[in-house]
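Novice: Below you'll find the structure I mean.
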Amino acid sequence: MTVAMKVEASADRIQARKRGARAGQRWGNALFILPFLVVYLLMLVIPLFKGIWISLLEVDMLSNSADFVGLDNYVELFSDEIFIGAVLNTFYFVLISTPVFIALGLALALALNRPGRTGATLRAIFFGSSVLSVTIVTLVWKLVLMPHHGMLANITESVGLPSLSLLTSETWALPTIAVVTVWWIIGLPMMLFLAALQQIPREIYEAAALDNASRWRTLWSITLPSIRRTVALVAIIEVILQFQLFGQAQLMTQGGPNNSSRPIVQFIYEAGFRNWELGYAAAASQVLFAMMLVAMAFQVWLSSRKQAY
Amino acid sequence: MHLKVGNKFGDRLILAAVIALAIAWIAPLVWVFALSFKPDEFLAQRTDVMLSPPFTLKNYLNILGTSQVFGWTINSLIVACTQTLATLLLASLAGYGFARTEFRGKNVLFFIVLAGLAVPEQAIIVPLHAMFADLQMHNTYSALVLPRLALPFGVFLMTQYFKAIPKDIEEAAMLDNASRLKIFFRVILPLSIPAQATLGIFTFLNAWNDYLWPLVSASNPEMYTLTLGLASTQTNFAQSEGLGFLMAQAVFASLPVFIVYLFFQKYIVAAVSGKTVR
Amino acid sequence: MTGINLRGIDKRYGSVDVINNFELQINPGEFLVFLGPSGCGKSTLMRMIAGLEEVSAGEIHVAGRDVTHLAPGARDIAMVFQHYALYPHMTVYDNMAFGLRNVGVPRDEIDRRVQEAARMLELVPLLERKPVEMSGGQRQRVAIGRAVVKEPLAFLFDEPLSNLDAALRGRTRIELARLHQRLKTTMIFVTHDQVEAMTLATRIVVMNAGRIEQLGRPMEIYHRPATRFVAGFIGSPAMNFLDVDRIEAPNGFVAVRLPDGTTVQTSVPAAGLPTQSKLTLGVRPEALSIGAAEESDVLVGNAEVVERLGDQTFAHIALRNGELVIVQAGADSTISVGDLVGVRLDHSAVHLFDQSGIAYHAQARSVA
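In structure tokens form, the structure reads like this:
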């Protein structure tokens, strides 16, 4: 037997690749992407840039003309009390709803992270309302909150309290919308927390039990540190989601009373599709987009950090 | 865990509290459901009686007979089904392309598509509306469906799923003389049924519940989806009149999604957690 | 030209050369095993033969036909994957039939071949099952069956036994050997397991870092390893290596001095050996035996670990300079931990390696 051992390669005998057939196949591969890409381009990319362009225009729907006005729309926005009010309302709403989403979502997840039918049923109840449309949710809650005939009125009257009219109160309109929103989609943070809790290895708990750790000690020293990244991610997801508050406010309070519950998206909707000030509405939506991008950049940064538990 | 005797009492207490909260949670739905079977005239008097008579099905018959609700339901079904099927097709093809094939510029394209996840619908709703207006396409099913097909979530989900399918299965198929398309349809698609189900149900629910875009695009009540139609009936909310009808509407509109939810809960939960069922 | 012929194969990933100018002639009907540590390029080489990886340069000929740029399916080659790669959604029958249907084999011919393969591999009762309903060993047989029905020019096996438990691995090894005797088709087998290589191969290609270290029949590779790498890779427990100095010996054979001062006369001819004074002495555990510490010509040390396997005993002896050597003692050896013993060397079974790793063998073993 000969030992076939060739150590050296002569550089000049490296053969050019025959690519003909394969190159054709490679372009064929791009065809898998093409249908989606066309839709994506037409329905997302082009509108995105067109939106930025429109925000620089003063559009007159009647004469069907548009003048380039530069940043005028943006300047005008920031001196528009109603827009500033909408921004503040939105921030206020995010500020009061996000902590509740985190605290309640985490509490439910901790309580319902149990095997068996009881846990499954309870999880299904808390998550179930998330699948409803915003219009069903507002319809149900408007009925519940009706003065005199609503479910809430029935309850308060039965214990001798006066009927509340939360939705027509400047103080309570937005917090009530927040409560309804929490009722609607608490399921999302709950499920995210549950998924995170189930990632914690069982052995850690068994080790803690052998170390005689109490229930609270286990929660504080093991469970919460293990999911702190999820807590941060849920916080950002909720901030991004709640920035987009629209249907609940539009349908339950129409932004009132006295503009106290109008969020940014409703402002955009009204400017664009009620008053037909397209340039103005587009500018407002760019402002919202910018605010959400900040939150999203933070989220991307957070998820890309490879942090060991 | 939780086997220590001292913990049992605490466990029960927590469970009791959660059950109480759960009852409060579904109370509004139960109340609306029960009252939807009461005559309007009775509801004008009192709304605190749930289990005792009178009962009636008149509210539901009104929905099917006289109102536009039935037509809106058909619209919703058409829009949601079309959108679901089209999304599955586009996302599966694109996901496979990104996950399993090589071509020049693939990574750049994937990044561009991924970036689309960051674009909220509010940021493009004004130009989208203008584009469909220019084409005189508002108040069509296409207008309701097309913008939603551009959402990158499905592509992202399918790409992740396809990447997780062992590559050697595909290589075995290559050695078995199967063409790219054959591999896609005969091997990869059947293997991705769980992901298809997750994405399909998620898309269906989103389409069914879509509100802002139909609100600006469908101005003709004939073209309303059920979600949008329900908004139109509550804007002129005449307080204690026609309550039974409103309640029946709410129940009727939630039925399809609750049915989907009951049957496919695990897929929905998987979708919101950004995973797929395996 | 029949068989499989690899001519000047290069494989580069970016600027990294994985395989460089690889040449190999695989004879028709032989069972060739690529053996090497992970990352040595053996799997890449097999995947290039299968067409799953493109070659950067060079040609691959199968049965005289240039298949270098043919699609994997067009090469008339079947492959059994490490993780079986069965189609999870298809029954066993469909798994085997899929490839035949793709090339339009008539139905009754497909059925005949599948039934025959199923009989041979004892899969008949499983034909309607899906892969998830089967054990690892059964899946393995299906994977083999899927290859067999194609009646290919060559079979490729990519570490097919590595996912099986020890008992099943042994059994499947024997089944594979039988399969080869029965079909007499060329088989190429990739593994990092020397036992699989030794027992199955007609010839073994020992690879390291993208190069062939040695190509030869199993016993030849065991007794006359071409390099220190091969010597260390084959054999369990591994060959003992001791750094030695070459000393003058008058009789035409090399003598060496061990670190502890002991000198050893070997049967390695001095001619042909480079004149370096630093060498490495290699000796397999079975060429060592336990004696008394007082004997002459022995390495003295203490037993640190004694492994009793029943049919044999391995004693790990710490020499005076701290180096450990493994000695195969008899099954009934009474050696126990802590004993001071002498280690005898079979001078005719030692190997010497120069500093570039090239091996020189004792003369008594030069029967190839």
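Residue numbers (our numbering), protein chains in the order written: chain A, 1 to 309; chain B, 1 to 278; chain C, 1 to 368. All C-beta atoms in this analysis are idealised placements derived from N, C-alpha and C, irrespective of residue type, glycine included.
Against chain B, with Cβ distances strictly below 8 angstroms, would R228 of chain A count as a contact?
Specialist: False, the Cβ-Cβ gap to chain B never drops below 8 angstroms.
Novice: With distances taken Cα to Cα, identify the nearest neighbour of V305 of chain C among C:A315, C:D297, C:H192, C:V114.
Specialist: C:A315
Novice: Since I believe G51 of chain C is in contact with L70 of chain C (beta carbons under 8 angstroms), could you give me their beta-carbon distance rounded to a whole number of angstroms?
Specialist: 6 angstroms
Novice: Is the shortest distance between the beta-carbon of V257 of chain B and the beta-carbons of chain A less than 8 angstroms?
Specialist: yes
Novice: Could you tell me which residues DSSP pairs with G291 of chain C in its beta bridges?
Specialist: Per DSSP, C:G342.
Novice: Closer than 7 angstroms by beta-carbon distance: list the chain B residues that pair up with G51 of chain A, in chain order.
Specialist: A123, I124, V126, P127
Novice: Please confirm whether L52 of chain C has its beta-carbon closer than 8 angstroms to some beta-carbon of chain B.
Specialist: Yes, L52 of chain C lies at the interface with chain B (some Cβ there is under 8 angstroms from its Cβ).
Novice: Return the residues of the stretch 154 to 182 of chain B that lie within a Cβ-Cβ distance of less than 8 angstroms from chain C, sorted by chain order.
Specialist: Going along the stretch 154 to 182 of chain B in chain order, one finds P166, D168, I169, E171, A172, A173, M174, L175, D176, N177, A178, K182 with a Cβ nearer than 8 angstroms to chain C.
Novice: Tell me whether F185 of chain B is buried or exposed, calling it buried when 16 or more other Cβ atoms sit within 10 Å of its Cβ.
Specialist: exposed
Novice: Any C-beta of chain C within less than 7 angstroms: which residues of the stretch 192 to 210 of chain B qualify?
Specialist: Considering only beta carbons, no part of the stretch 192 to 210 of chain B lies closer than 7 angstroms to chain C.
Novice: Do C40 of chain C and the ligand SAM come close, with the Cβ less than 7 angstroms from some heavy atom?
Specialist: Looking at this structure, you won't find the ligand SAM or any other ligand, since it has none at all.
Novice: Using only the alpha-carbon positions, how far apart do P257 of chain A and S169 of chain A sit?
Specialist: 7 angstroms
Novice: Suppose contacts are defined by Cβ-Cβ distances below 8 angstroms. Is V337 of chain C in contact with A303 of chain C by that definition?
Specialist: yes
Novice: Name the chain B residues that come within less than 8 angstroms of G73 of chain C, Cβ to Cβ?
Specialist: M174, L175, D176, N177, A178
Novice: Starting from V140 of chain A, trace the alpha helix (DSSP H) in both directions and tell me its first and last residue.
Specialist: 134 to 145
Novice: If you measure from the beta carbon of V187 of chain B to each beta carbon in chain C, is any gap under 8 angstroms?
Specialist: yes
Novice: With 16 as the cutoff for other CB atoms within 10 Å, does E277 of chain A come out buried or exposed?
Specialist: The residue is buried, with at least 16 neighbouring Cβ atoms inside 10 Å.
Novice: Would you say A27 of chain B reaches chain A, if we count a Cβ-Cβ gap shorter than 8 angstroms as a contact?
Specialist: yes
Novice: Which residue comes first and which comes last in the beta strand (DSSP E) that contains N21 of chain C?
Specialist: 16 to 26
Novice: If we count Cβ pairs, one from each stretch, closer than 8 angstroms, do we get three or more for the stretch 248 to 256 of chain C versus the stretch 267 to 284 of chain C?
Specialist: yes
Novice: Grouping DSSP H, G and I as helix and E and B as strand, with all else coil, what is Y224 of chain B?
Specialist: coil
Novice: From L319 of chain C to S348 of chain C, what does the alpha carbon distance come to, in whole angstroms?
Specialist: Spanning the two alpha carbons is a distance of roughly 21 angstroms.
Novice: Below 8 angstroms on the Cβ atoms is my guess for G210 of chain C versus V18 of chain C; work out the distance and round it to an integer in Å.
Specialist: 5 angstroms
Novice: Below 8 angstroms on C-beta distance, what does A91 of chain B contact in chain A?
Specialist: The contacting residues are F36.
Novice: Taking C-beta to C-beta, are A143 of chain B and M137 of chain B nearer than 8 angstroms?
Specialist: yes
Novice: Taking the continuous alpha helix (DSSP H) assigned at F253 of chain C, which residues delimit it?
Specialist: In this chain, F253 of chain C is not harboured by any alpha helix (DSSP H); it is covered by the beta strand (DSSP E) spanning 253 to 257.
Novice: Can you say whether R217 of chain A is buried or exposed, counting buried as having 16 or more other CB atoms within 10 angstroms of its CB?
Specialist: Burial call: exposed.
Novice: Rounded to whole angstroms, what is the Cα-Cα separation between D48 of chain B and P28 of chain B?
Specialist: 12 angstroms
Novice: Sort out for me which residues DSSP pairs R203 of chain C with in a bridge.
Specialist: C:L32
Novice: Taking a contact to mean a Cβ-Cβ separation below 8 angstroms, would you say M134 of chain C touches L126 of chain C in this structure?
Specialist: Taking 8 angstroms as the Cβ cut-off, M134 of chain C and L126 of chain C qualify as a contacting pair.
Novice: What are the boundary residues of the beta strand (DSSP E) that includes F68 of chain A?
Specialist: 65 to 68
Novice: Quick check on the DSSP output: what are the complete alpha helix (DSSP H) runs of length 4 or more inside the stretch 220 to 257 of chain A, in order along the chain?
Specialist: 228 to 243, 247 to 252
Novice: If I measure Cβ to Cβ from V230 of chain C and keep anything under 7 angstroms in the same chain, skipping five residues before and after, which residues do I get?
Specialist: V206, E213, Q214, I221
Novice: Let me check understanding here. Comparing Cα to Cα, which of A:S163, A:I186, A:E238 lies closest to V269 of chain B?
Specialist: A:I186
Novice: On the criterion of 16 or more Cβ atoms from any shown chain inside 10 Å, does D374 of chain C qualify as buried, or is it exposed?
Specialist: Residue coverage of chain C in this structure runs from 1 to 368, which leaves residue 374 of chain C outside it and unanswerable.
Novice: What are the boundary residues of the alpha helix (DSSP H) that includes I155 of chain A?
Specialist: 151 to 158
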